[in-house]
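Engineer: Protein sequences appear in the order of chains A and Y.
According to the numbering used here, the residues represented by the first sequence are 46 to 384, in order.
According to the numbering used here, the residues represented by the second sequence are 13 to 372, in order.
Have a look at this one before I ask anything.
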Amino acid sequence: MVVDPEGRAPVRIGVLSAEHVHAPTYISLLASMPGAHLVGVWDDDRQRAAAAAEPVATRAFDAIEALLERVDGVVIASANSRHLRLVEIAAGAGVHILCEKPLATTVEDARAIVDACARAGVRLMTAFPTRWNPAARALESAVRSGALGTPVFLEGVNTGTMPDIHAAWFVDPVLAGGGAVTDHVVHLADLFRWILRSEVVEVYAVANRILQERFAGVETGGLVSMRFASGVSATIDCSWSKPRSYPTWGGLSVQAVGTGGAFGIDAFRQRLAVYGTRETGISWPTWGPDADREMLAEFVSMVRDDREPAVTGVDGLRAVEIVDAAYRSIAASAPVSLG
Amino acid sequence: MADGGGPGLHAGSRAVSDMRPARARTDTPLRVGVVGAGFIGETHVAAWAAEGVQAVIHDVDAGRAAALADRHGARVAESLDELFGAVDVVDVCSPTHHHAGVAIAAARPGRHVNCEKPMARTLADAEAMLAAARDAGVRLFVAHVVRFFPEYVAARAAVLAGAIGEPAVLRLTRASFRPRQPAGHWFFDHAKSGGIVLDLMIHDLDYARWIAGDVVAVHCRSASLAQPDAGVDHAVAILTHRSGAISHVSASWGYAPPIFRTALEIAGSHGLIEQDSTTTAPVTPSLLAGAAGGGLTGIADTGLAGDPFRLELAEFAKAIRDGSEARIGAADGLEALRIALAADASARTGAVVRLTQAAG
Chain A
46 MVVDPEGRAP VRIGVLSAEH VHAPTYISLL ASMPGAHLVG VWDDDRQRAA AAAEPVATRA
106 FDAIEALLER VDGVVIASAN SRHLRLVEIA AGAGVHILCE KPLATTVEDA RAIVDACARA
166 GVRLMTAFPT RWNPAARALE SAVRSGALGT PVFLEGVNTG TMPDIHAAWF VDPVLAGGGA
226 VTDHVVHLAD LFRWILRSEV VEVYAVANRI LQERFAGVET GGLVSMRFAS GVSATIDCSW
286 SKPRSYPTWG GLSVQAVGTG GAFGIDAFRQ RLAVYGTRET GISWPTWGPD ADREMLAEFV
346 SMVRDDREPA VTGVDGLRAV EIVDAAYRSI AASAPVSLG
Chain Y
13 MADGGGPGLH AGSRAVSDMR PARARTDTPL RVGVVGAGFI GETHVAAWAA EGVQAVIHDV
73 DAGRAAALAD RHGARVAESL DELFGAVDVV DVCSPTHHHA GVAIAAARPG RHVNCEKPMA
133 RTLADAEAML AAARDAGVRL FVAHVVRFFP EYVAARAAVL AGAIGEPAVL RLTRASFRPR
193 QPAGHWFFDH AKSGGIVLDL MIHDLDYARW IAGDVVAVHC RSASLAQPDA GVDHAVAILT
253 HRSGAISHVS ASWGYAPPIF RTALEIAGSH GLIEQDSTTT APVTPSLLAG AAGGGLTGIA
313 DTGLAGDPFR LELAEFAKAI RDGSEARIGA ADGLEALRIA LAADASARTG AVVRLTQAAG
């Protein structure tokens, strides 16, 4: 436990499920976060809970109720389709929630998650760390300050390796809710909504299953085009197009064009190029600021102050609606409207 | 490299490309006339000169033709007929909406034609050009110069060599500043130029087809940067290829001078190709003298790896001389135009345009 710099009682945080690849990162950051006390980890797989708790010597809980009665807030890091059930349990226990993205695999589930938290009177935050990435914030500032003039087009790229290297459920159509479109549209869709302060009204999307040695379980390639109520257009390349040989997991970049010129960001450009042995190959460790830490600090602060988080559950719901529209467009081979 | 037989070539190009030169000239240098003394006309005159060909120049603005001729020590033809009488090949560098008229007029008396991209302003014009070339038995080329840029050639060679397996997702980018033509210039008149989609994006529409094959559906969104007569300054097309591959093609005149950035990414079933002009420039001068904001229009750096304009014109000249194929035929130019017009229509209506090629 690390004491709050202002001497206040630490906010007690638990982690529900370590299924997601981000869980170990969150656990490690929470264990050392000023003002937070990581109470422990629960997972329906005891071994996974123990393995996740061990590196920071926190407690692995067998009973979810036992953890929930000891915390003020939880981070839910299960497979996408299991978010709703865990949200309902946590909200029922009166605990504030940070839920991993995407909020759910269907619009219905996402809405049920938002409603369950509203009914229970608990705060719900969606894990969109990109909003704390300094490059993304610089773009938001360039738009807010007027430096970019009136934005007219945003082109986003959030491509990566196929995440089955982390956990098999990522490429399971039921547990994950889909493939590359589910996995990689929401970060940029949320970032664009935030930058533009506008909602998506139309979506066109295409997808295929050629990448990753023609993996056929879910879509691996996807391109999404969207139009906002403000008139701005945007696109997202969400493909799992990085091969296993790529020096890092992937990346996130945006080229924004407005009446004042253009503004490019590459969220993970601050990296080293490390050339190892033939076996270790080339890697690109990043040295830029840690957006996950800032996001978790916001969650802890939000729980302590009992206020609306910077990224709400409704933001998570809106992103799921955009993903849903993308799948509807893929099925219809035509643009679909939204909202 | 004159394979022309990649995934993008159509049976339709056979009719023209099988034609042998109307007059074989293997011994004497090719005589070339350039119609249009604007930006691309001058680029071609210079490239022809570097290839040892002193072009004859014609422009409806005689003063402009004379000025260009003076800069390159070339001759001027006062009329098209005078030009046609003096050359073997007519290189059409006039405004887009005049391409068909000049090309057809040149083909009729038996002149081979090299036409700057886009092939024409309308499909009907492009088809008439193909028919005229076929009827006259002359060669017709469309100058999609990106097929001669070494990085694009190298990427295609890697694809053909199987380095990344089957192409799946392509992302092609061409970003520059708004050409510094005066207001009212034909370039900014959509009815004449076709705007950014027909002028700039068509480079990558053709390249996408060269890599991933025929396109069956086109969706495009575009935006204007609010200058009163600007037309469209930024556009992104999403293509679905018959193979199942998908392409994201972006064209912009929304950046600040002097940038001209090109980027390509070809993701395949077994690998990935990345190339970005901002990270592969072999020379990065930062000189105080002459620090300025770019020229009339953005143009890719062509200096160090071989001038693509020279490579292009030399390949066309060789094809005319020996009857060989060039890597791009007139039918390819027609298909690129078909995709571009579909993108332009989609940008206006918001609907997806489905394509059925003449040659299937």
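Backbone N, C-alpha and C define an ideal beta-carbon position, used for all residues, glycine too.
Would DSSP call THR304(A) helix, strand or coil?
Structural biologist: Coil at THR304(A), not helix or strand.
Engineer: Can you name, in chain order, every residue of its own chain whose Cβ lies under 8 Å from the Cβ of VAL68(Y), other than the five neighbours on each side?
Structural biologist: The answer, listed in chain order, is ARG43, VAL44, GLY45, VAL46, ALA86, ARG87, VAL88, ALA89, LEU95, ALA98 and VAL99.
Engineer: If I measure Cβ to Cβ from GLU163(Y) and keep anything under 6 Å in the same chain, skipping five residues before and after, which residues do I get?
Structural biologist: Excluding sequence neighbours, GLU163(Y) sits near GLN287.
Engineer: Please state if the CB of LEU74(A) and the CB of LEU341(A) are separated by a distance shorter than 9 Å.
Structural biologist: Yes. Within cutoff.
Engineer: 9 Å is my cut-off, CB to CB: does VAL60(A) come that close to chain Y?
Structural biologist: No, its Cβ sits nowhere closer than 9 Å to a Cβ of chain Y.
Engineer: Can you say whether ARG339(Y) is buried or exposed, counting buried as having 16 or more other CB atoms within 10 angstroms of its CB?
Structural biologist: Burial call: buried.
Engineer: Ordered along the chain, which non-local residues of its own chain (more than five positions away) have a Cβ less than 7 Å from that of VAL230(A)?
Structural biologist: Once the five neighbours on either side are set aside, the close Cβ partners of VAL230(A) are VAL269, ILE281, CYS283, ILE367, VAL368 and ALA371.
Engineer: Please report whether the beta-carbon of ILE258(Y) lies at a distance below 9 Å from any beta-carbon of chain D.
Structural biologist: In the structure shown, chain D does not exist; the protein chains are A and Y.
Engineer: How many angstroms separate the CA atom of ILE52(Y) from the CA atom of MET131(Y)?
Structural biologist: Roughly 14 Å between the two C-alpha positions.
Engineer: Are the C-beta of LEU284(Y) and some C-beta of chain A separated by less than 9 Å?
Structural biologist: Interface residue, yes.
Engineer: Helix, strand or coil: which one does DSSP assign to ASN253(A)?
Structural biologist: It is a strand residue.
Engineer: At a CB distance below 7 Å, what residues from the segment 226-255 of chain A approach chain Y? Give them in sequence order.
Structural biologist: Cβ contacts with chain Y: TYR249, VAL251, ASN253 and ILE255.
Engineer: Under a Cβ-count criterion, where at least 16 other Cβ atoms within 10 Å of its own Cβ denotes burial, should GLY318(Y) be classed as buried or exposed?
Structural biologist: Under this definition GLY318(Y) is an exposed residue.
Engineer: Helix, strand or coil for TYR384(Y), going by three-state DSSP, please let me know.
Structural biologist: Here chain Y has residues from 13 to 372 only, and residue 384(Y) is not among them.
Engineer: Can you tell me the Cβ-Cβ gap for ALA220(Y) and VAL261(Y), rounded? I've got them flagged as a contact below 8 Å.
Structural biologist: Going by Cβ atoms, the distance from ALA220(Y) to VAL261(Y) rounds to 6 Å, so yes, they are a contact pair.
Engineer: Is ILE250(Y) near TYR320(A), with beta carbons less than 9 Å apart?
Structural biologist: Against a cut-off of 9 Å, the Cβ pair of TYR320(A) and ILE250(Y) comes out as no contact.
Engineer: Beta-carbon within less than 6 Å of MET271(A)'s beta-carbon, same chain only, minus the 5 sequence neighbours each way: which residues are those?
Structural biologist: The residues are VAL245, VAL248 and ALA279.
Engineer: Excluding sequence positions up to five away, which residues of its chain have a Cβ less than 6 Å from the Cβ of ALA257(Y)?
Structural biologist: Around ALA257(Y): PRO179, ALA180 and ALA224.
Engineer: Is ALA79(Y) close to chain A? Criterion is C-beta to C-beta, closer than 9 Å.
Structural biologist: So, not an interface residue.
Engineer: May I ask which residues mark the beginning and end of the beta strand (DSSP E) holding PHE273(A)?
Structural biologist: It spans 266-273 - the beta strand (DSSP E) in which PHE273(A) sits, taken as one unbroken run.
Engineer: At the level of alpha carbons, what is the spacing between LEU80(Y) and GLU277(Y)?
Structural biologist: Roughly 38 Å separates the two Cα atoms.
Engineer: Comparing the C-beta of THR151(A) with each C-beta of chain Y, is any distance below 9 Å?
Structural biologist: By this cut-off, THR151(A) is not an interface position.
Engineer: Helix, strand or coil: which one does DSSP assign to PRO19(Y)?
Structural biologist: Only weak support exists for where PRO19(Y) lies, its pLDDT of 36 falling under 50; the coordinates are left without a value.
Engineer: For chain Y, check one thing: does any of its Cβ atoms lie closer than 9 Å to the Cβ of VAL202(A)?
Structural biologist: At least one chain Y Cβ lies under 9 Å of VAL202(A).
Engineer: Going by DSSP in three states, ILE176(Y) sits in which element: helix, strand or coil?
Structural biologist: Of the three classes helix, strand and coil, the one that applies to ILE176(Y) here is coil, per DSSP.
Engineer: Would you say the segment 180-198 of chain A touches the segment 300-311 of chain A, given that touching needs at least three Cβ pairs under 8 Å?
Structural biologist: The segment 180-198 of chain A is in contact with the segment 300-311 of chain A.
Engineer: DSSP three-state call for GLN287(Y): helix, strand or coil?
Structural biologist: Here GLN287(Y) sits in strand by DSSP.
Engineer: Using the three-state DSSP reduction, which class does GLY280(Y) fall into: helix, strand or coil?
Structural biologist: In the structure shown, GLY280(Y) sits in a strand (DSSP, three-state: E or B).
Engineer: Which chain A residues sit within Cβ distance under 7 Å of ALA235(Y)?
Structural biologist: Those within 7 Å of ALA235(Y) in chain A are VAL197, PHE198 and SER278.
Engineer: Using beta-carbon positions only, say whether PRO297(Y) and PHE189(Y) come within less than 9 Å of one another.
Structural biologist: Not in contact: PRO297(Y) and PHE189(Y) (Cβ atoms no closer than 9 Å).
Engineer: Taking the straight line between their C-alpha atoms, what separation do you get for SER259(Y) and LEU184(Y)?
Structural biologist: So the two alpha carbons sit approximately 8 Å from each other.
Engineer: Between which two residues does the beta strand (DSSP E) holding MET170(A) run?
Structural biologist: Run containing MET170(A): 169-171, per the beta strand (DSSP E) assignment.
Engineer: Are there three or more Cβ pairs, one per stretch, closer than 8 Å when the segment 102-109 of chain A is compared with the segment 202-214 of chain A?
Structural biologist: Output reads no: the segment 202-214 of chain A does not touch the segment 102-109 of chain A.
Engineer: So, under 8 Å CB-CB, VAL132(A) and ILE158(A) are touching, yes? Tell me the CB distance rounded to an integer number of Å.
Structural biologist: Their Cβ separation, rounded to whole angstroms, is 5 Å, which keeps VAL132(A) and ILE158(A) in contact under 8 Å.
Engineer: Which chain Y residues sit within Cβ distance under 8 Å of GLY306(A)?
Structural biologist: GLY266, TYR267 and ALA268, listed in chain order.
Engineer: Can you tell me which of PHE215(A), SER374(A), VAL167(A) and GLY384(A) puts its alpha carbon nearest to the alpha carbon of PRO354(A)?
Structural biologist: If we check each option's Cα against that of PRO354(A), VAL167(A) comes out closest.
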